[in-house]
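**Q** Have a look at this one.
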Amino acid sequence: MADNSVNSETVARRQLSRELRKLRLESGISAEDAAEELGISLSTMSRIENGKTNVDVAHAKTMCNLYGRPELGDALAALAKASKTRSWFRQYSDVIPEWFDVYIGLEQVAASFRWYEAQLIPGILQTETYARTVIRTDHPDDSDDEIDRRVQLRLKRQALLTRQASLPQWHIILDEAVLHRPVGGESVMREQCNRLLEVAELPNVTLGVIPFGFGMHTGVTSGPFVLLDFPTNGSNGQAPEPTTVYVEGFTGALYTVEKNEVDKYRAAFEGMQRAALNPGDTKIAIARAVKEMKKK
Numbered sequence: 049m050a051d052n053s054v055n056s057e058t059v060a061r062r063q064l065s066r067e068l069r070k071l072r073l074e075s076g077i078s079a080e081d082a083a084e085e086l087g088i089s090l091s092t093m094s095r096i097e098n099g100k101t102n103v104d105v106a107h108a109k110t111m112c113n114l115y116g117r118p119e120l121g122d123a124l125a126a127l128a129k130a131s132k133t134r135s136w137f138r139q140y141s142d143v144i145p146e147w148f149d150v151y152i153g154l155e156q157v158a159a160s161f162r163w164y165e166a167q168l169i170p171g172i173l174q175t176e177t178y179a180r181t182v183i184r185t186d187h188p189d190d191s192d193d194e195i196d197r198r199v200q201l202r203l204k205r206q207a208l209l210t211r212q213a214s215l216p217q218w219h220i221i222l223d224e225a226v227l228h229r230p231v232g233g234e235s236v237m238r239e240q241c242n243r244l245l246e247v248a249e250l251p252n253v254t255l256g257v258i259p260f261g262f263g264m265h266t267g268v269t270s271g272p273f274v275l276l277d278f279p280t281n282g283s284n285g286q287a288p289e290p291t292t293v294y295v296e297g298f299t300g301a302l303y304t305v306e307k308n309e310v311d312k313y314r315a316a317f318e319g320m321q322r323a324a325l326n327p328g329d330t331k332i333a334i335a336r337a338v339k340e341m342k343k344k
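For reference, each letter of the sequence shown is one residue, going 49 to 344 in the working numbering.
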């Protein structure tokens, strides 16, 4: 079973990298000089400051001293230690692409998700048979064992929908085409649509469908994306991560935290919310799709 903990090594590593880079810039020390003082390569320094690699506890304290902020040593050393905590999904590292690794870490601590999909059911809502069909298509050369592990990972991530601690809010909008694309065949789609109806009853999930008849809407130009917001810290009112937009492609992904770009995606989602059917009518549309499948 997936761990219900809301801790994330990914978030700790990213927090630490941002803080260390900020301290270095404030100190006026160049990355080259800092790397030389620490006895590491410039490429390693770059990976540290971009959250691509872990930092030793000793290095975290040394860097605080080097940057003239020794009083922050213990706090950043704690982040360095947390960044090495093994999250539950590490057991699937062999089937997690590097570009997706960050997203899985971020979703463990997100407070809310705004998710738009135009072609497929979102992975977080997929049934096992639907997921297996999609994954087999995406990875035709994988062994049966590798496919099984990818499916297991996707299903375990779905614990986020109902976990007991810090239950996130989900706002998911689908284009109606998603309901009518016969992924895996009629029986698979019936099961999948029934799964959507079950999830739509969860108190932390708002599901909307944009009907065919609506015509042009902001999702047509934006394409699928996920917008993640993070909980604020009670002591300082700050979130551990800035609001992040995740856009997945066939061979990679885009992450952006730039405010002007995030605002555009947020506005696009709000436009889609206005275009989507309300929750009650969305359930009717899903149920209608199931009935139409039975007639075929």
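The beta-carbon is built from N, C-alpha and C at its ideal position, and this holds for glycine as well.
In three-state terms, what does DSSP make of A179?
**A** Here A179 sits in helix by DSSP.
**Q** Under 8 Å by Cβ, that's how I've got F262 and A323 pegged, so tell me the actual separation to the nearest angstrom.
**A** About 5 Å separates the two Cβ atoms, so the contact holds.
**Q** When every heavy atom of the ligand HEM is checked, does at least one fall within less than 7 Å of the C-beta of L250?
**A** Absence of the ligand HEM is noted for the structure shown, with no ligands found whatsoever.
**Q** Tell me whether the stretch 55-68 and the stretch 140-157 touch, counting them as touching only if at least three CB pairs, one residue from each stretch, are closer than 8 Å.
**A** Touching, yes, given that three or more Cβ pairs across the two stretches are closer than 8 Å.
**Q** For D311 and L275, what's the separation of their Cα atoms in angstroms?
**A** So the alpha carbons of these two residues sit roughly 10 Å apart.
**Q** To the nearest angstrom, how far is it from the Cα of A106 to the Cα of S91?
**A** Taking the straight line joining both Cα atoms gives about 19 Å.
**Q** Taking V295 as part of the beta strand (DSSP E), name the residues at either end of that continuous run.
**A** That run of the beta strand (DSSP E) goes 292-296.
**Q** Helix, strand or coil: how does DSSP classify D104 here?
**A** Three-state DSSP puts D104 in coil, outside helix and strand.
**Q** Identify the continuous beta strand (DSSP E) that holds V253 and give its terminal residues.
**A** Looking at the DSSP string, the run of the beta strand (DSSP E) that includes V253 is 253-258.
**Q** What do you get for G99, buried or exposed, if any count of 16 or more other CB atoms within 10 angstroms of its CB means buried?
**A** By the 10 Å Cβ count, G99 comes out buried.
**Q** For the candidate residues A207, S135, E67, Y303, whose alpha-carbon lies nearest to that of G121?
**A** Answer by Cα proximity: E67.
**Q** If you follow the alpha helix (DSSP H) that D190 is part of, which residue opens it and which one closes it?
**A** Element bounds for D190: n/a, residue is neither H nor E.
**Q** Helix, strand or coil: which one does DSSP assign to A130?
**A** A130: helix per DSSP, three-state reduction.
**Q** Using a 10 Å radius around the Cβ and a threshold of 16 neighbouring Cβ atoms, would you call I334 buried or exposed?
**A** So I334 counts as buried.
**Q** Would you list the residues sitting across from S214 in a DSSP beta bridge?
**A** Answer is none; S214 lacks a bridge partner.
**Q** Using a Cβ cut-off of 8 Å (strictly closer), state whether R72 contacts chain B.
**A** Considering every chain present, this structure includes no chain B. It has just one protein chain.
**Q** With a 10 Å radius around its C-beta and 16 neighbouring C-beta atoms as the bar for buried, classify M49 as buried or exposed.
**A** Confidence is the limiting factor: at M49 the pLDDT is only 32, short of 50, which leaves the residue's position unreliable and the question unanswerable from this model.
**Q** With respect to the beta strand (DSSP E) encompassing T27, which residues constitute its N-terminal and C-terminal limits?
**A** Missing from the structure shown is residue 27; the chain here goes from 49 to 344 and no further.
**Q** Tell me the rounded alpha-carbon separation between M264 and P327.
**A** Going from the Cα of M264 to the Cα of P327 covers about 21 Å.
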